[in-house]
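Undergrad: Those protein sequences? They're chains A and B, same order as listed. Per this note's numbering, the first sequence starts with residue 5, numbered consecutively. Per this note's numbering, the second sequence starts with residue 5, numbered consecutively. For every residue, glycine included, the Cβ atom is placed at its ideal position computed from N, Cα and C.
There are 2 protein chains.
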Amino acid sequence: MSEVNIRWMAREMKLSISTISKALNDSHEISIETKRKVLELANQLHYTPNPYASSLRRKKSNTIAIVIPEVADSYFSLAINGIETVAMEKEYHVIVYLTHENAEREASILKDLSSGRVDGVLMSVSSETENFGPLKELHARKIPIVFFDRICEEIPTATVTTNDFESGYSAAKHLMDCGCKKITYLSISNQLSIINTRMEGYKKAIADEGNDMLLAEVVQCSNEAPNTKSMIRELLLQEDRPDGIIASVEKLATPVYENCHEIGIHIPNQLKMICFSNLTTATILNPPLTTITQPAFDMGKTAAEILFKALTKRNYILKDQHIVIPSELIIRTSAFIKVSA
Amino acid sequence: MSEVNIRWMAREMKLSISTISKALNDSHEISIETKRKVLELANQLHYTPNPYASSLRRKKSNTIAIVIPEVADSYFSLAINGIETVAMEKEYHVIVYLTHENAEREASILKDLSSGRVDGVLMSVSSETENFGPLKELHARKIPIVFFDRICEEIPTATVTTNDFESGYSAAKHLMDCGCKKITYLSISNQLSIINTRMEGYKKAIADEGNDMLLAEVVQCSNEAPNTKSMIRELLLQEDRPDGIIASVEKLATPVYENCHEIGIHIPNQLKMICFSNLTTATILNPPLTTITQPAFDMGKTAAEILFKALTKRNYILKDQHIVIPSELIIRTSAFIKVSA
DNA sequence: TATATTTACGAAACCGGTTTCGTAAAAAGG
DNA sequence: CCTTTTTACGAAACCGGTTTCGTAAATATA
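(1) Rank A/T166, A/E134, A/E157 and A/K146 by C-alpha distance to the C-alpha of A/A346 and give the top, closest one.
(2) Note down, in chain order, all residues in the region 264-291 of chain A with a beta-carbon under 8 Å from any beta-carbon belonging to chain B.
(3) Could you tell me the distance, in whole angstroms, from the CA atom of A/N273 to the CA atom of A/N215?
(4) With a cut-off of 8 Å, do at least 3 Cβ pairs link the region 257-274 of chain A to the region 285-298 of chain B?
(5) Just to confirm my understanding: we take A/H326, look at its own chain, exclude 5 residues before and 5 after, and list those with CB closer than 6 Å. What are they?
(6) Can you confirm whether the region 263-279 of chain B touches the region 261-277 of chain A when touching is taken to mean that 3 or more C-beta pairs between the two stretches lie within less than 8 Å?
(7) Please list, in chain order, all residues of the same chain as A/R154 whose beta carbon is under 7 Å from its beta carbon, the five residues on each side excluded.
(8) Classify B/K18: buried if its beta carbon has 16 or more other beta carbons within 10 angstroms, exposed otherwise.
(9) Say whether the region 99-111 of chain B touches the region 88-101 of chain A, bearing in mind that this needs 3 or more beta-carbon pairs closer than 8 Å, one atom from each stretch.
(10) Any contact of the region 310-325 of chain A with the region 18-30 of chain B, i.e. 3+ C-beta pairs under 8 Å?
(11) Is the distance from the Cβ of B/A27 to the Cβ of B/V8 below 9 Å?
(12) What residue range does the alpha helix (DSSP H) around A/I36 cover?
(13) Along chain B, which residues have their Cβ under 9 Å away from the Cβ of A/K115?
(14) Between which two residues does the alpha helix (DSSP H) holding A/A220 run?
(15) Three Cβ pairs or more, each shorter than 8 Å: is that satisfied between the region 289-303 of chain B and the region 326-342 of chain B?
(16) My output table needs one value for B/A339: the three-state DSSP class, helix, strand or coil.
(17) Name the two residues that bound the continuous beta strand (DSSP E) containing A/K186.
(18) Are B/D123 and B/N66 closer than 9 Å when you measure CB to CB?
(19) Taking the beta carbon of B/I72 as the centre, do at least 16 other beta carbons fall within 10 Å, making it buried, or is it exposed?
(20) Looking at the structure shown, is B/E262 part of a helix, part of a strand, or coil, going by DSSP?
(21) Would you identify the three-state DSSP class for A/F152, choosing helix, strand or coil?
(22) Could you name the residues of chain B that A/N85 contacts, counting a contact when the two beta carbons are closer than 9 Å?
(23) Mapping DSSP to helix, strand and coil, what is A/K276?
(24) Going by C-alpha to C-alpha distance, which of B/A209, B/A220, B/D181 and B/E134 sits closest to B/L190?
(25) If you pair each beta-carbon of the region 137-150 of chain A with each one of the region 173-190 of chain A, do three or more pairs fall below 8 Å?
(26) With 9 Å as the threshold, decide whether the Cβ of A/M13 is near any Cβ in chain B.
(27) Below 7 Å on C-beta distance, what does A/H143 contact in chain B?
(28) In three-state DSSP terms, what is A/G248?
(29) Label A/G120 either buried or exposed according to how many other C-beta atoms from any shown protein chain fall within 10 Å of its C-beta, with 16 as the threshold for buried.
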């Protein structure tokens, strides 16, 4: 597109193409004086090298991909920020691919990525992915992959996660400490490692309590907002509705609250709730939402840093890297510890 | 990266490189039978063409850029969704660049983009941009640019905006209808067109009221969260604090609410508030937040559609395209119409 | 049957850089 | 002063596709 290229500059300066290229790349083969002149002309013309030409030759795109389900989600947008921070520093470009929790869409994205368009991939798998073929294919092409948050256990590569089991455990424990007798876990997928790990923690906590009054119940929510809301409504209209809810993902917070407001269930008096969430508005909700807050930014940043190590260091073993950054239980009003007076 | 290329396939099939290329591109020059065989081999080998090679030759990257201040913001994340929808359909790739409201960072991004890395740019300018040189440079390179939401008036190109003036007007009008006598407009920049347009609407509404009891006041907030919160606290601790607030951007909602909760100012009894926002949690805030909700998804989608027209249609005049999609005042509890009993 | 046209394919230039290799001239070493 | 090394640069191959152009064979037309 840019009409001015290296060839043109070479003619202009009566130098060879290779000299211009080397000068621009600060090669030691070129005299300081020549470099200065070339740089001067380049700046004057606002010359910017064609990235595709150099990517082609260097077999390096200086680009990484982020493959995530959704961007309108506090966790992922913060994670993107973390990733972007690192990428910007390394002068890498970031292509964002959204799967919208759709396995086919994800598959077609992964297929495209095996073209060499990107040097590495940061990914959080969709909740509906059952066939890991495309991921395996990508991995077989030796393109470095780092999973963050939602990992795929079948691919031996680096992962950055949070302490999902402990978080699920402590969420359930906290609700029990608050006096809950029937805690429902709102899931969104039964094949998503993190959702299940959180659920295992929740189940373990309840089992540890050893009290059969504590009924564990798991409800599968939909990926579509209207469905989700009505499923939750059904749950809350039941005779023996839960007195505690653990919402496995952020987007479940609004439908639960809305249903409660509409039906007239008081939080926390009649229902206590904890949500896995990074909402900045948690403090100003009605009532303020007790959350398990994930280190989203740090997870993104860490995942990116690991990826860049794989891209720069020789013989860096990605599959040995498994970083766990703990989440934090932030107690607010929607579930608070009973003060035993 | 991918070890299998067109050359390799050509040898394998005892055909020429050009025949393979043409077959893969479904050229009429190639017999149906040959195409079939080539496709078969390509599928079997999971062949994916090197995008940089073809971009180089075709002078077309099939990639667009989104340049925005921030991704952890409901408006922008929804807009990205809208853009992504269109891009996915057109089989385009989307590179996301975040400026973090930093003019220098924006400038360096724009400089890079003039390399031809992308075929077009969708942009919402940073609140701190004062020098439009880099943007003009990019525009001079004939790279199609479509501004959405935050436009740059000095660049004659397509814009997709919402009715900011009317929105500012109706926000102020609504607050006055609710009985507010002193309405403060919280700004974040005095060079950002939309913020100022909203402010003009707000000022006009107050002027129209013709009541000198209605004092208009504008407060410039910072781009850093802690500063913003303390600036707002100062405002709310004043003797003659406002009884109405119009927050020009979403991220101002939380600090205002938090300050009110902490100081003990009741919303809406002592302070009414309207926020320009796309928060999905608006309904479950304490109290539910009256918002001017922008058509974020549609704006992104529309901007992308316009960009693609520019990329495909010959002689499509970008600078004539100025789409305005109206925002909606959604009345909730934080500012409601007084029922004159 | 002779000529015109179409079909199906190959050779080679091309996109815009990068990199290898070769070399004249200058500088260093003996 | 002659040889060796270093410096500074140019020619050309190369990355992996795409596209133009040329052409033999097949088919259509006269």
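TA: Concretely, from the data shown:
(1) This structure gives no information on residue 346 of chain A, because the portion of chain A shown stretches from 5 to 345.
(2) H265, L283, T284, T285, T287, I288, L289, N290 and P291
(3) Working through the first sequence from its first residue, we reach residue 273 of chain A at position 269. Working through the first sequence from its first residue, we reach residue 215 of chain A at position 211. Cα to Cα, the separation comes out at about 22 Å.
(4) At 8 Å Cβ cutoff, the stretches touch.
(5) By 1-based counting over the first sequence, the position of residue 326 of chain A is 322. Excluding sequence neighbours, A/H326 sits near T163.
(6) no
(7) Start at 1 with the first residue of the first sequence, and residue 154 of chain A comes out as number 150. Counting only Cβ-Cβ distances below 7 Å, and skipping sequence neighbours, we find S128, V129, L196, S197 and I198.
(8) Against the second sequence, residue 18 of chain B aligns to sequence position 14. That one is exposed.
(9) yes
(10) no
(11) Working through the second sequence from its first residue, we reach residue 27 of chain B at position 23. Working through the second sequence from its first residue, we reach residue 8 of chain B at position 4. Their beta carbons are not under 9 Å apart, which means B/A27 does not touch B/V8 by this criterion.
(12) For the purposes of this step, residue 36 of chain A is taken as residue 32 along the first sequence, with counting starting at 1. A/I36 -> alpha helix (DSSP H) spans I36 to Q48.
(13) Locating residue 115 of chain A in the first sequence gives position 111, counting from the first residue. Residues of chain B passing the Cβ test: H50 and T52.
(14) What you label residue 220 of chain A is simply residue 216 of the first sequence in a count that begins at 1. A/A220 -> not in any alpha helix (DSSP H); beta strand (DSSP E) instead, spanning L219 to Q224.
(15) yes
(16) Stepping through the second sequence from its first residue, residue 339 of chain B is reached at position 335. Here B/A339 sits in coil by DSSP.
(17) Taking the first residue of the first sequence as 1, we reach residue 186 of chain A at position 182. Where A/K186 is concerned, the enclosing beta strand (DSSP E) stretches over K186 to S191.
(18) Counting from 1 along the second sequence, the entry for residue 123 of chain B is found at position 119. Counting from 1 along the second sequence, the entry for residue 66 of chain B is found at position 62. Going by C-beta atoms, B/D123 is nearer than 9 Å to B/N66.
(19) Residue numbering aside, residue 72 of chain B sits at position 68 when the second sequence is read from its first letter. Classification of B/I72: buried, given that the 10 Å Cβ count is 16 or more.
(20) Within the second sequence, the letter at position 258 stands for residue 262 of chain B. The answer is helix: DSSP assigns B/E262 an H, G or I state.
(21) As a first step, residue 152 of chain A must be located in the first sequence, where it is residue number 148. If DSSP states are grouped into helix, strand and coil, A/F152 belongs with the strands.
(22) In the first sequence, residue 85 of chain A corresponds to position 81, counting from 1. Result: E74, V75, A76, L102 and H104.
(23) Position 272 of the first sequence, counted from the first residue, corresponds to residue 276 of chain A. Here A/K276 sits in strand by DSSP.
(24) Indexing the second sequence from 1 puts residue 190 of chain B at position 186. Per the Cα distances, B/A220.
(25) no
(26) In the first sequence, counting from the first residue as 1, residue 13 of chain A sits at position 9. No, because no Cβ of chain B sits closer than 9 Å to the Cβ of A/M13.
(27) Translated into positions along the first sequence, residue 143 of chain A becomes position 139. None at all; the shortest Cβ gap to chain B is about 12 Å.
(28) Position 244 of the first sequence, counted from the first residue, corresponds to residue 248 of chain A. Correct three-state label for A/G248: strand.
(29) The residue you call residue 120 of chain A lines up with position 116 of the first sequence. It counts as buried.
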